[in-house]
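Numbering-wise (UniProt numbering), the sequence shown opens with residue 1 and increments by one.
No residue lacks a Cβ here, since even glycine has one placed at the ideal position from N, Cα and C.
No experiment lies behind these values; they were computed from the predicted model shown.
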Amino acid sequence: MEGYMDNPFVYGETVTGKYFWNREHDIAKLKADLLNSQKVFLMSSRKIGKSSLVTMVLGQLKKQGIITVYLDLEKFSSYNRLLERYLNELMRYEGPIEKSLNFLKQFLPQLRPEIKLDEKGKPFFSFGFGRAPQNIESIDSEIYELPGKISEKKGKKIVVVFDEFQEILDFNGKHIEGVIRSAVQHQRKVGYVFCGSKKHLLADMVNSSDRPFYQIGPIMYLDKMQGETIWKFLQGKFISTNLKIDDESLKQIIEFSQGVPHYAQMLAHRLWDYGISKGKIEAGDAQEMLNELIRQSFEEFQSKWGNLIPSKKMLLKSIAVSGGRNILSKKYMIEHNLGYPSAIRKMLLSLMNEGILDRENGNYFFTDLLFCRWIKDYVE
Numbered sequence: 001m002e003g004y005m006d007n008p009f010v011y012g013e014t015v016t017g018k019y020f021w022n023r024e025h026d027i028a029k030l031k032a033d034l035l036n037s038q039k040v041f042l043m044s045s046r047k048i049g050k051s052s053l054v055t056m057v058l059g060q061l062k063k064q065g066i067i068t069v070y071l072d073l074e075k076f077s078s079y080n081r082l083l084e085r086y087l088n089e090l091m092r093y094e095g096p097i098e099k100s101l102n103f104l105k106q107f108l109p110q111l112r113p114e115i116k117l118d119e120k121g122k123p124f125f126s127f128g129f130g131r132a133p134q135n136i137e138s139i140d141s142e143i144y145e146l147p148g149k150i151s152e153k154k155g156k157k158i159v160v161v162f163d164e165f166q167e168i169l170d171f172n173g174k175h176i177e178g179v180i181r182s183a184v185q186h187q188r189k190v191g192y193v194f195c196g197s198k199k200h201l202l203a204d205m206v207n208s209s210d211r212p213f214y215q216i217g218p219i220m221y222l223d224k225m226q227g228e229t230i231w232k233f234l235q236g237k238f239i240s241t242n243l244k245i246d247d248e249s250l251k252q253i254i255e256f257s258q259g260v261p262h263y264a265q266m267l268a269h270r271l272w273d274y275g276i277s278k279g280k281i282e283a284g285d286a287q288e289m290l291n292e293l294i295r296q297s298f299e300e301f302q303s304k305w306g307n308l309i310p311s312k313k314m315l316l317k318s319i320a321v322s323g324g325r326n327i328l329s330k331k332y333m334i335e336h337n338l339g340y341p342s343a344i345r346k347m348l349l350s351l352m353n354e355g356i357l358d359r360e361n362g363n364y365f366f367t368d369l370l371f372c373r374w375i376k377d378y379v380e
């Protein structure tokens, strides 16, 4: 094999096009809902491909002339910063800063943001760090109403995505839920996606009758990939680069990744590099690359493990070895010496809130499959 080839497997970033997994049905469904200006709750476990799916859909909607706004709430250190960015993203479609300022004076006269320069010298709107939180919360409703006003003014549809939406709970979640619901429910030409990876928190928002988002719109669950789909995708990528891979190696990737695209791409990426370097893939190479990935994260996993209380360690070791089904059954609790059901429930909820575990159809599983394998192989 002569010349340089790009690794056909990409992970750790948002992917589109040829690197994106086969999710035509999910793309079509989400796109249709947004074209109808629905308010969609999109839930999935981490690393399933949620952000990539949303990016694909937004790209298609842009080509149809729809205004799109995307915010990842995990990136904001404060509610103030979130609102600043949201305002600036919306104002991008109004043109130069002077035109945007005139728009705000017309539609939000009580909002008086400062104009500052970013690190590249471009002007942007800022609320300033001196503004008291209660004052921010007195104007946030006006900002959330902006998409509707922009849509009416321009005669265009708008789609807004709030990724990792459960992060609002770290600010003043109760207030924010009510304000957003009140604003968006009347925006007839604005579609929303409220998506996140802590499914139990989002599910509470949309399924609890005492919460503002109760039954606001469609709920989508992004499932793990089927083994057959992963097999065909991986095999096709290896073949396209003239690198043969044996069935046993493919099977090992699928068994390790458990239907999670991120981990299938991660191990395949490493295996492809290794195979290219020596000209072929042999039996045992996939396992060796997996061991290498675990070794690279060894110190990180040791630190994470050291911060856990003993009872959580016992529970996680049990799940790593025996799986996460029927944890509260008498047989499971006795076999693993886990203690009382009430204590186990609290630990499971705590571990989900910490992002270590997730749950699907009654099955608890690790969000980090390398951490799971490290516990299984290296912890007594």
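Residue range of the unbroken beta strand (DSSP E) whose run includes residue i
i	result
residue 390	Missing from the structure shown is residue 390; the chain here goes from 1 to 380 and no further.
Arg181	No beta strand (DSSP E) contains Arg181, which is instead part of the alpha helix (DSSP H) from Gly173 to Val184.
Identity of the residues DSSP links to residue i by a beta bridge
i	result
Tyr93	Paired residue(s): none; Tyr93 is not in a bridge.
Ile115	Phe125
Met220	Leu42
Arg359	Tyr364
Tyr192	Lys39 and Val160
Beta-carbon separation (whole angstroms), residue i vs residue j, contact threshold 8 angstroms
i	j	result
Asp26	Leu53	6 angstroms
Val69	Val160	5 angstroms
Tyr263	Ser44	Incorrect: roughly 14 angstroms between the Cβ atoms, too far for contact.
Phe127	Ile136	7 angstroms
Ile143	Lys189	About 18 angstroms separates the two Cβ atoms, so there is no contact after all.
Leu61	Leu34	7 angstroms
Pro8	Ser240	6 angstroms
Ile97	Pro123	4 angstroms
Arg81	Gly49	With 8 angstroms as the limit, Arg81 and Gly49 do not qualify as a contact, their Cβ atoms being about 27 angstroms apart.
Gly148	His186	7 angstroms
Asn363	Gly324	5 angstroms
Ile67	Lys156	6 angstroms
Leu308	Ile344	In fact, because the Cβ distance is near 15 angstroms, the residues do not count as touching under 8 angstroms.
Ile145	Ala183	It should be pointed out that residue 145 corresponds to Glu in this sequence rather than to Ile. 5 angstroms between Cβ atoms; contact.
Limits of the unbroken alpha helix (DSSP H) element including residue i
i	result
Tyr11	That residue, Tyr11, is in no alpha helix (DSSP H); it is neither H nor E in DSSP.
Trp374	Leu369 to Tyr378
Gln235	Gly227 to Ser240
Arg345	Pro341 to Asn353
Tyr332	Lys330 to His336
Asn207	Lys199 to Asn207
Lys154	Leu146 to Lys154
Any C-beta of chain D under 9 angstroms from that of residue i
i	result
Thr367	Of the chains in the structure shown, none is chain D; there is only one protein chain.
message = What ranges does the beta strand (DSSP E) occupy inside the region 23-73, keeping only unbroken runs of at least 3 residues that lie completely in it?
response = 39-43 and 67-72
task = Identify every run of the alpha helix (DSSP H) within the region 243-315, keeping only runs that are complete inside it and at least 4 residues long; order them along the chain.
result = 247-257, 261-278, 285-296 and 298-306
task = Check whether the region 208-221 touches the region 240-250, counting contact only when three or more Cβ pairs, one atom from each stretch, lie closer than 8 angstroms.
result = no
task = Count the C-beta pairs between the region 164-180 and the region 109-118 that are closer than 8 angstroms, then say yes if the count reaches three, no if not.
result = no
message = Below 8 angstroms, how does it come out for the region 9-26 and the region 170-187: are there three or more Cβ pairs, yes or no?
response = no
request  = State whether the region 336-347 contacts the region 257-275, with contact taken as three or more CB pairs (one from each stretch) at a distance under 8 angstroms.
outcome  = no
request  = Specify whether the region 184-196 and the region 145-163 touch according to this definition: at least 3 beta carbon pairs, one from each stretch, less than 8 angstroms apart.
outcome  = yes
query = Between the region 291-305 and the region 357-375, do three or more beta carbon pairs fall short of 8 angstroms?
reply = yes
message = With three or more beta-carbon pairs closer than 8 angstroms as the criterion, would you say the region 312-328 touches the region 281-289?
response = no
inquiry  = For the pair the region 32-39 and the region 357-373, tell me if three or more CB-CB distances fall below 8 angstroms.
reply    = no
task = Would you check if there are 3 or more beta carbon pairs closer than 8 angstroms linking the region 254-262 to the region 225-234?
result = yes
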